[in-house]
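Q: Here it is: the structure, laid out below.
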Amino acid sequence: MRCQRRKAMKKIHLLVLIVLLAGLLTQPPLTGHAQAGTPTATPLPASQSNSANFVSFKSMGVADRILRGPFDSMRVRFNLPTSWKLLPGAMVQLDLGAYFNLPEMENSKGAALEVSFNSVALSTIIIDWDGERTITLPIPENALQPDRLDGRHELSIFLDAGIDCRSSNQTTITVRATSGFDLPHELVSPSVTLVQLPRPFYQESTFLPELVTVVIPAQPSADEMEAALTVVAAFGRFSVGKLALPITTADFPGDAATREQVKQGHLIFVGKPGAFPDLAQAKFPAPVTGGNIQAAAMQPDDGVVEMVVSPWNPIRAVLYVGGNSDLGVVKAAQALSSGILRTSDLPNLTLVSDVNASIEAPIPQTDRSLQELGYLTADTLTGYGFVTTEYQFFVPPGMVTGQEAYIDLVYTHSALLDFARSGLVLFLNGNAIGSTRFLEETAKSTNHLRVGLPAYALRSGNNRLLVEADLVPLDYCSDLINNGLWASIFPTTLIHLPLIPAQVQAISLPPDLSRYPYPFSTQPTLSNIAFVLAKDDLLGWGIAAGLAAELGKSASGELINFGAYFADNVPETARAGNDLILVGRATRLPLIGEIGEQLPAPFPTGSDVAQERGMRVVYRLPEGTNLGYLQLLPSPWNEKNTILAVMGSTDLGLKWAGAALTDLRCRSRLGGNFAVANEQQLLTSDTRVSAGSVNLGATAAPGGVPTVVEQPAQVIPRPAWLLPALIVSAVLLAALLIYVILSGRRNKNRSG
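Here numbering that gives the first Met the number 0 is used: the first residue of the sequence shown is 0, the next is one more, and so on.
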């Protein structure tokens, strides 16, 4: 019996071994799916204030920041909305992650974060934990006033992990983007002083963009439309393209909720006062009575620019740009576009009899020191890592720099720096323009660094010169690191800025969509441009406004002076003398019919769908297909001028066409003289070169739900040793099978 049990167990063992070997032989190839990129880490949960006053770092454009020991630092700078006045009780909330590379936490204690706000010390946080923690620090009332010349608030965080110098520990602190400020505030009425424009409608570095709408007459004249586009271009210029104002009409189309929302924001009325019944509610210094502006010294063709607190929302402002005549309306808009208005005894009123006389733009001296600009003492940058300071200077509208513009930076620095890794970098309006290394020789003297101020980096109005010092110590663990790292900028620093009137761009290139906004931006005042629009086309007017804001960014002249006409009444002087920008649908623009076959893709009579020519395959697209078109061609009235047609087969298509020019991601893909856009594609061609083989409209026409492309399975090759192992296993399996069969026969014969 015992022998039989042993035989049975042997058979079971053999059977298990056979099954395992069979499983190995039948194992399918290893497969994996290709990944689109590095997997995204799952973010750790972070606390978030529920207060309505809470403003996160993320909303200020600040992402997670990692501070590495032994020393590191960071700064957060911001402007308050113009309607906010801070109240006592402000706090800063820091969502922190603390990590150490030593396994024993006790060996890592001792690091600290030094936190200050507007140069007032708030607290020193001892890092005595591992992992995530939220720290809330009160901001005292005496720290609520910014001490920077640009008026921005500044939070400074300095990591002092000198404890790392006494061991192999590495302290790492993550300041989460969910950190932020709890800012109790009251809402106040904005300043309505005209010399502060573009405030309150726009300011840099604010976390709460202002809602601003331009209001025009329900039936504007061509001059009123020109003035409205000029105002939009002006704010595009003031904001360097960051503010494109939407346009609505005086009847405030839309539902009641939409009308109320618009009226709760800032409003800019452009046009003759009779078109705006609501203006009588605003308490202007030159009031609107009986559909006219009433001012003692005002002449019939004078323009008016005035601003008051909104009667519909006391924390918003109403700006009126107009006059009692079309000529006065245009004067007011052009004067505003300069950015510098000469006011009367009332700071919120300007009467414009002559545009040039209303612009107050004194030419500054060629050589100006920082001291003459108001920076009276030396600016000393201290601390570890990147430390910055900023200076501002003014360039009057209509002036550009000569070829010899430069800054002569006067500086000195500490001798305790690692000269191989420390130095200065200069930025002008965000453009890097120069740099220098710190040397042992320059630590012993006062030094001069001359850096050219390139014309492309300068802009009309305020210019920001940022000096960034990278202060790296020779010894991270030196006791002198807290006060031994510094660089000083002296007020004798000189800005040499010879200014000359802006000139016409002396370049001549063939028009191409890839070069937009050329050739429309060649004149400093944009006086070469005329917009051609359809009547009663609020959508088209809004798209033209977006283009005007983008073009305003490139205007370097004293003011903005383009034209605007309705398509059924474009004078011969404008046809022959201007580069034209047509915006709308073909059936609403009679001028398209006059251009006709000269378009790269003409429109059949009564159709908004372009007919592409010269294609080997031509498709007939049904009316109602949503497509946007951009067409560039020489003017039939003057071959030296250019026409840009921004059009759509539908209103939705027209929106896509406008976005192709105003969205930089789309514009970078433009080329040739013809483009077709839909929601997902932007296709271009050049009909001047050769006949194409693909019908762009048919290609771009939506054909249904987009196809989802699935990444193919990726076959992972077997290791080199696997095949010989499988062969040996197969031989062993065969031998085992033979052995089992023979053993079974032998046992059967014995039992028989």
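Cβ atoms here follow ideal geometry from the backbone N, Cα and C, with glycine treated the same way.
May I ask you to verify whether the region 84 to 104 touches the region 167 to 184, counting CB pairs closer than 8 Å and requiring at least 3?
A: These segments touch.
Q: Which of helix, strand or coil does DSSP assign to residue 65?
A: Residue 65 falls in the strand class under three-state DSSP.
Q: May I ask you to report which of helix, strand or coil DSSP gives residue 329?
A: In this structure, residue 329 counts as helix in the three-state DSSP scheme.
Q: So what does DSSP say about residue 733, is it helix, strand or coil?
A: Looking at residue 733 - three-state DSSP - the assignment turns out to be helix.
Q: From residue 307 to residue 350, what does the alpha carbon distance come to, in whole angstroms?
A: Taking the straight line from one Cα to the other gives about 15 Å.
Q: In chain order, what residues of the same chain lie with their CB nearer than 7 Å to the CB of residue 454, ignoring the 5 residues before and after it?
A: Once the five neighbours on either side are set aside, the close Cβ partners of residue 454 are 399, 400.
Q: Identify whether residue 676 lies in helix, strand or coil by the three-state DSSP scheme.
A: In the structure shown, residue 676 sits in a strand (DSSP, three-state: E or B).
Q: Could you name the residues of the same chain whose beta carbon sits closer than 7 Å to that of residue 539, not counting the 5 residues immediately before and after it, in chain order?
A: So the list reads 532, 533, 582, 583, 653, once near-sequence residues are dropped.
Q: Could you spell out the range, first to last residue, of the beta strand (DSSP E) harbouring residue 224?
A: It is not in any beta strand (DSSP E) - residue 224 instead sits in the alpha helix (DSSP H) that spans 221 to 237.
Q: Go to residue 348, then tell me how far its beta strand (DSSP E) extends in each direction, as first and last residue.
A: Taken as a continuous stretch (DSSP letters only), the beta strand (DSSP E) holding residue 348 covers 348 to 351.
Q: How should residue 365 be labelled, buried or exposed, when 16 other C-beta atoms within 10 angstroms of its C-beta is the threshold for buried?
A: Classification for residue 365: exposed.
Q: For residue 330, collect the residues of the same chain with a Cβ closer than 6 Å to its Cβ; drop the 5 residues on either side in sequence, then sort them by chain order.
A: If we look at residue 330 and ignore the five residues flanking it on each side, its Cβ neighbours are 302, 351, 354.
Q: By alpha-carbon positions, which one of 185, 733, 294, 643 ends up nearest to residue 520?
A: Of the candidates 185, 733, 294, 643, the one whose C-alpha sits nearest the C-alpha of residue 520 is 643.
Q: Looking at chain D, is there any beta carbon in it that lies within less than 9 Å of the beta carbon of residue 85?
A: Given the protein chain composition of this structure (a single chain), no chain D is represented.
Q: Count the other CB atoms, across all protein chains shown, that sit within 10 Å of the CB of residue 72; report buried if there are 16 or more and exposed otherwise.
A: Buried is the call here.
Q: From the DSSP output, in three-state form, read off residue 401 for me.
A: Residue state, collapsed to three classes: coil.
Q: Measuring alpha carbon to alpha carbon, tell me which of 128, 151, 180, 176 ends up nearest residue 138.
A: Among 128, 151, 180, 176, the Cα nearest to that of residue 138 belongs to 180.
Q: Which two residues bound the contiguous beta strand (DSSP E) that contains residue 645?
A: Residue 645 -> beta strand (DSSP E) spans 637 to 647.
Q: Under the rule that 16 or more other beta-carbon atoms within 10 Å means buried, what is residue 128, buried or exposed?
A: Exposed, because fewer than 16 other Cβ atoms sit within 10 Å of the Cβ of residue 128.
Q: Residue 436 lies in the beta strand (DSSP E); which residues open and close that run?
A: 430 to 436 is the span of the beta strand (DSSP E), which, as asked, contains residue 436.
Q: Sort 407, 80, 192, 736 by Cα distance to residue 369 and report the nearest one.
A: Among 407, 80, 192, 736, the Cα nearest to that of residue 369 belongs to 407.
Q: Over the uninterrupted alpha helix (DSSP H) stretch that includes residue 128, give me the two end residues.
A: Unbroken run through residue 128: none, as it is neither H nor E.
Q: Is the Cβ-Cβ distance between residue 233 and residue 559 less than 9 Å?
A: Contact flag set, yes.
Q: Please name the residue in 577, 552, 554, 555 whose C-alpha comes closest to that of residue 562.
A: Nearest option by C-alpha distance: 577.
Q: Count Cβ pairs between the region 186 to 199 and the region 314 to 321 that sit closer than 8 Å; are there 3 or more?
A: Result yes; three or more Cβ-Cβ pairs closer than 8 Å.
Q: Indicate whether residue 411 and residue 486 have their beta-carbon atoms separated by less than 9 Å.
A: Yes, they are a contact pair.
Q: Here's the rule I'm using: 16 or more other beta-carbon atoms within 10 Å means buried, otherwise exposed. How should residue 639 be labelled?
A: The residue in question, residue 639, is exposed, as its Cβ has fewer than 16 Cβ neighbours within 10 Å.
Q: Apply the 10 Å Cβ neighbour rule to residue 144 and answer buried if 16 or more other Cβ atoms are within range, or exposed otherwise.
A: That one is exposed.
Q: How would you label residue 222, buried or exposed, when you count the other beta carbons within 10 angstroms and need 16 or more for buried?
A: Residue 222 should be labelled buried.
Q: DSSP puts residue 367 in a beta bridge; with which residues?
A: 494.
Q: Can you grab the Cα-Cα spacing for the pair residue 686 / residue 541, in whole Å?
A: Going by the C-alpha atoms only, they are around 29 Å apart.
Q: List the endpoints of the continuous alpha helix (DSSP H) containing residue 151.
A: Element bounds for residue 151: n/a, residue is neither H nor E.
Q: With H, G and I counted as helix, E and B as strand and the rest as coil, what does DSSP make of residue 598?
A: Residue 598: coil per DSSP, three-state reduction.
Q: Should residue 549 go down as buried or exposed, given a rule of 16 or more other Cβ atoms within 10 Å for buried?
A: Buried, because 16 or more other Cβ atoms sit within 10 Å of the Cβ of residue 549.
Q: Ordered along the chain, which non-local residues of its own chain (more than five positions away) have a Cβ less than 6 Å from that of residue 444?
A: Nothing meets the Cβ criterion.
Q: So, at 6 Å on beta carbons, what are the nonlocal neighbours of residue 703 in its own chain, with the 5 sequence-adjacent residues on each side left out?
A: Residue placement at residue 703 is flagged as unreliable, the pLDDT there being 35, under the threshold of 50; the coordinate-derived value follows with that caveat. Excluding positions up to five away in sequence, the list is empty.
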